[in-house]
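Following: one structure in structure tokens, then a few remarks.
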Amino acid sequence: MKTPELLSVAKELRVWIIEMLAESRSGHPGGSLSSVDLLAALWFSEMRGVDAPGGIKDDRDRFIISKGHAVPALYAVLAKKGFIAPEELKTLRKTGSRLQGHPDRMRLPIVETSTGSLGQGLSVAQGLALGLRMEGKKSRVYCLLGDGEIQEGQVWEAAMSAPKFGLSNLCAILDANGAQIDGPVSQVMPLEPLADKWRAFGWHVIEIDGHDMEKILHAYKEARELGQSGAGRPVLILARTIKGRGVSFMEGKIEWHGVAPDGEQAKKAIAEIRGGGSNG
Amino acid sequence: MAKATRQAFAESLVKLAGNHQEIVVLDADLAKSTKTELFAKKHPDRFFEMGIAEANMIGTAAGLALSGKLPFLCSFGCFLTGRYDTIRMSVAYSQANVRLVGTHAGLGIGDDGHSQMGLEDIALMRALPTMGVFQPMDARETELVMEYLVNDWKGPAYLRLTRQNVPDLYPEGRVFQPCKLMEIVKVDVGRPGVVCFATGAAVAEAVAAAGALLPSGIAMSVWNVHSLKPFDEEGMLAAIKGARLVISVEDHSVIGGLGSAVA
Numbered sequence: 000m001k002t003p004e005l006l007s008v009a010k011e012l013r014v015w016i017i018e019m020l021a022e023s024r025s026g027h028p029g030g031s032l033s034s035v036d037l038l039a040a041l042w043f044s045e046m047r048g049v050d051a052p053g054g055i056k057d058d059r060d061r062f063i064i065s066k067g068h069a070v071p072a073l074y075a076v077l078a079k080k081g082f083i084a085p086e087e088l089k090t091l092r093k094t095g096s097r098l099q100g101h102p103d104r105m106r107l108p109i110v111e112t113s114t115g116s117l118g119q120g121l122s123v124a125q126g127l128a129l130g131l132r133m134e135g136k137k138s139r140v141y142c143l144l145g146d147g148e149i150q151e152g153q154v155w156e157a158a159m160s161a162p163k164f165g166l167s168n169l170c171a172i173l174d175a176n177g178a179q180i181d182g183p184v185s186q187v188m189p190l191e192p193l194a195d196k197w198r199a200f201g202w203h204v205i206e207i208d209g210h211d212m213e214k215i216l217h218a219y220k221e222a223r224e225l226g227q228s229g230a231g232r233p234v235l236i237l238a239r240t241i242k243g244r245g246v247s248f249m250e251g252k253i254e255w256h257g258v259a260p261d262g263e264q265a266k267k268a269i270a271e272i273r274g275g276g277s278n279g
Numbered sequence: 000m001a002k003a004t005r006q007a008f009a010e011s012l013v014k015l016a017g018n019h020q021e022i023v024v025l026d027a028d029l030a031k032s033t034k035t036e037l038f039a040k041k042h043p044d045r046f047f048e049m050g051i052a053e054a055n056m057i058g059t060a061a062g063l064a065l066s067g068k069l070p071f072l073c074s075f076g077c078f079l080t081g082r083y084d085t086i087r088m089s090v091a092y093s094q095a096n097v098r099l100v101g102t103h104a105g106l107g108i109g110d111d112g113h114s115q116m117g118l119e120d121i122a123l124m125r126a127l128p129t130m131g132v133f134q135p136m137d138a139r140e141t142e143l144v145m146e147y148l149v150n151d152w153k154g155p156a157y158l159r160l161t162r163q164n165v166p167d168l169y170p171e172g173r174v175f176q177p178c179k180l181m182e183i184v185k186v187d188v189g190r191p192g193v194v195c196f197a198t199g200a201a202v203a204e205a206v207a208a209a210g211a212l213l214p215s216g217i218a219m220s221v222w223n224v225h226s227l228k229p230f231d232e233e234g235m236l237a238a239i240k241g242a243r244l245v246i247s248v249e250d251h252s253v254i255g256g257l258g259s260a261v262a
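Going down the list, the sequences are from chains A and B. So the first sequence is numbered by numbering that gives the first Met the number 0: it starts at 0 and just counts up by one. So the second sequence is numbered by numbering that gives the first Met the number 0: it starts at 0 and just counts up by one.
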């Protein structure tokens, strides 16, 4: 898929996110919307072997959503890909649903691992990358992290070890939207300089605007080519994003981290996304 | 003969690894103590030294399991359960086919003190959904439990092992019944007045106690519990029929341990 198509897919995903959150009356719009463009480019242009439920292969590329609260964005992707029916999105967060508020591998194996307790996904992604490499598979493993999330110590344990094992098939994507529940990341627990920190741990860092589709596609390509070149280094894509991206009254607003829109707000949000410019 | 169950575990691991290419091993700078260095020497390409970073080791093992490997991750029991949230989320609630191996069970480790002793590990691991909890009483049973964990058990499991030597107790020729109680000391005549359940290193102590009670006319049977979860409730109910006293012995807090399982 090329950029214009991806932009239209991203719009559709945003609409579905708003619809499912409004239906469930709870959930996390801010961090779901900030990661949509990154996920659209990844799932509809970059990842291999995930084209249809029937086409799932052992040597497929893998995706782990470590920032589990943004899973509505992943559910929207899975619906668009055909892994789940779009109607099922309405069951988000309902008792018995496969679409739990945070990803649950026991109900929906395509999420690869259960997350929601922050800071754990990168370690699992690393193990998967190691195992797939041992099996001689060409699969690449992607892991979406939040910037607030990387305050967890386990992330830095994984940041230490992935370069040790030369995991060039591992690509972490940092959705740096700058905000977490209690306030701006810079105040809650400052993390900058982010790029320097990851580089110092041995990662190849690509810093981009996480809403610029061309730049996102280029970053994935650079990461893949670096992996194929045998450089032996994992890649971190440091994506600068805006929380709530695509819905003006949510953008950059911390209060939209974990509050769902009501019916009126959802209508307004969807109208804006549908009528919006190139990036929704 | 006497041997530490950690030693028997490592020997069994090396033996099984020959026919099971899916076995990989992770350790957190304790390979000399958990004895996984035996495996590391034999299969360096299947051994991952993760440094003093247990949470990342647990998550990495979960990922390896997702790729089809059978990871054994090893450290002291207390250090593994110290990273409980990662075990809970990335292993138990993800149903990752991981074998967590916690050595240095209980007071039996000796002088290093409580910071190195697994004292609550059985309780914590039993509480996790999908997690099996196993503790063999001697070297032979360690080998049998290992075969079961490699060939038959599906999903996550915790294997608890001793630092210290334990005497050979496994009865010659007895067929191993996974997840079932095994009678180690049988009362010759009639029903026993006292029924004792024991696990791990405590089984030898219970056997000695049964011998010591005999001259006083107290007949005590001893049952070995190698599987704390699933726990053989049916077997237990049959064993305690008519008993005047039921006791449990373990090198672990009675809260959440074998004592709680029996109660």
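Just so you know, even glycine gets a beta-carbon here, dropped at the ideal spot from N, CA and C. Remember, it's a predicted structure, so these values are computed and weren't measured experimentally.
Contact between residue 134 of chain B and residue 225 of chain B holds, since their C-beta atoms are separated by about 6 Å, short of 8 Å.
Residues of the same chain with a CB within less than 7 Å of the CB of residue 83 of chain B, apart from the 5 flanking positions on each side, are 123 in chain order. Scanning A:238, A:47, A:53, A:189 for the CA closest to the CA of residue 211 of chain A turns up A:238. Taking C-alpha positions only, residue 11 of chain A is separated from residue 29 of chain B by approximately 51 Å. Within the segment 76-91 of chain B, 84, 85, 88, 89 place their CB atoms closer than 7 Å to a CB of chain A, listed in sequence order. Fully enclosed beta strand (DSSP E) runs of no fewer than 3 residues occupy 181-184, 193-197, 219-223, 226-228 of the segment 177-246 of chain B, in order along the chain. Residue contact with chain A for residue 66 of chain B: present (Cβ-Cβ distance below 9 Å to some residue of chain A). Less than 9 Å divides the Cβ of residue 142 of chain B from the Cβ of residue 10 of chain B. In the structure shown, residue 147 of chain B falls within a helical segment according to DSSP collapsed to helix, strand and coil. Looking at B:165, B:251, B:24, the one whose alpha-carbon comes closest to that of residue 207 of chain B is B:165. Residue 248 of chain B sits close to residue 257 of chain B, with the two beta carbons spaced by under 9 Å. In this model, residue 70 of chain B and residue 240 of chain A are separated by some 37 Å (Cα to Cα). Scanning its chain for C-beta atoms nearer than 6 Å, with the 5 sequence neighbours on each side dropped, one finds around residue 177 of chain B the residues 147, in chain order. Taking all protein chains in view, the Cβ of residue 181 of chain B is crowded by 16 or more other Cβ atoms within 10 Å, so the residue is classified as buried. For the pair of segments examined, the segment 130-150 of chain A was found to touch the segment 166-175 of chain A: the number of CB pairs separated by less than 8 Å reaches three.
Of the residues A:262, A:271, A:232, A:226, the one whose Cα lies closest to the Cα of residue 247 of chain A is A:271. Going by DSSP, residue 131 of chain B is part of the beta strand (DSSP E) stretching over 131-133.
By the Cβ test, the segment 14-29 of chain A is not in contact with the segment 224-236 of chain A, since fewer than three Cβ pairs between them sit closer than 8 Å. Apart from sequence neighbours up to five positions away, the residues of its chain that approach residue 243 of chain B with a beta-carbon distance below 8 Å are 192, 193, ordered along the chain. Against chain B, the CB of residue 152 of chain A has a partner CB under 9 Å away; the residue lies at that interface. Annotation: the continuous alpha helix (DSSP H) that includes residue 14 of chain A extends over 2-23.
Under the three-state reduction of DSSP output, residue 237 of chain A falls in the strand class. Annotation: residue 136 of chain A is outside any beta strand (DSSP E) and is labelled neither H nor E by DSSP.
Separation of residue 256 of chain A and residue 97 of chain B (C-alpha to C-alpha, rounded to the nearest whole angstrom) is 34 Å. Using beta-carbon distances, residue 23 of chain B counts as an interface residue toward chain A, with a partner under 9 Å.
With contacts defined as CB atoms closer than 9 Å, residue 90 of chain B and residue 227 of chain B fail to qualify as a contacting pair. As the crow flies, the alpha-carbon of residue 60 of chain A is around 14 Å from that of residue 143 of chain A. By DSSP's assignment, residue 157 of chain B forms a beta bridge with B:99, B:132.
When the five nearest sequence neighbours on each side are left out, the beta carbons in the same chain lying within less than 8 Å of the beta carbon of residue 12 of chain B are those of 22, 24, 35, 37, 38, 71, 145, in order along the chain. DSSP places residue 11 of chain B in no beta strand (DSSP E) but in the uninterrupted alpha helix (DSSP H) bounded by 4-16. Using beta-carbon distances, residue 123 of chain A counts as an interface residue toward chain B, with a partner under 9 Å.
Restricting attention to A:27, A:41, A:195, the CA atom closest to the CA of residue 9 of chain A is found in A:41.
If you draw a 10 Å sphere on the C-beta of residue 151 of chain A, you find 16 or more other C-beta atoms in it, and that means buried. By the C-beta criterion, the segment 27-44 of chain A is judged not to be in contact with the segment 112-127 of chain A, since fewer than 3 inter-stretch pairs fall below 8 Å. Listed along the chain, the chain B residues whose CB falls inside 7 Å of the CB of residue 111 of chain A are 65.
Comparing C-alpha distances from residue 172 of chain A to each of A:6, A:14, A:34, A:7 shows the shortest one belongs to A:34.
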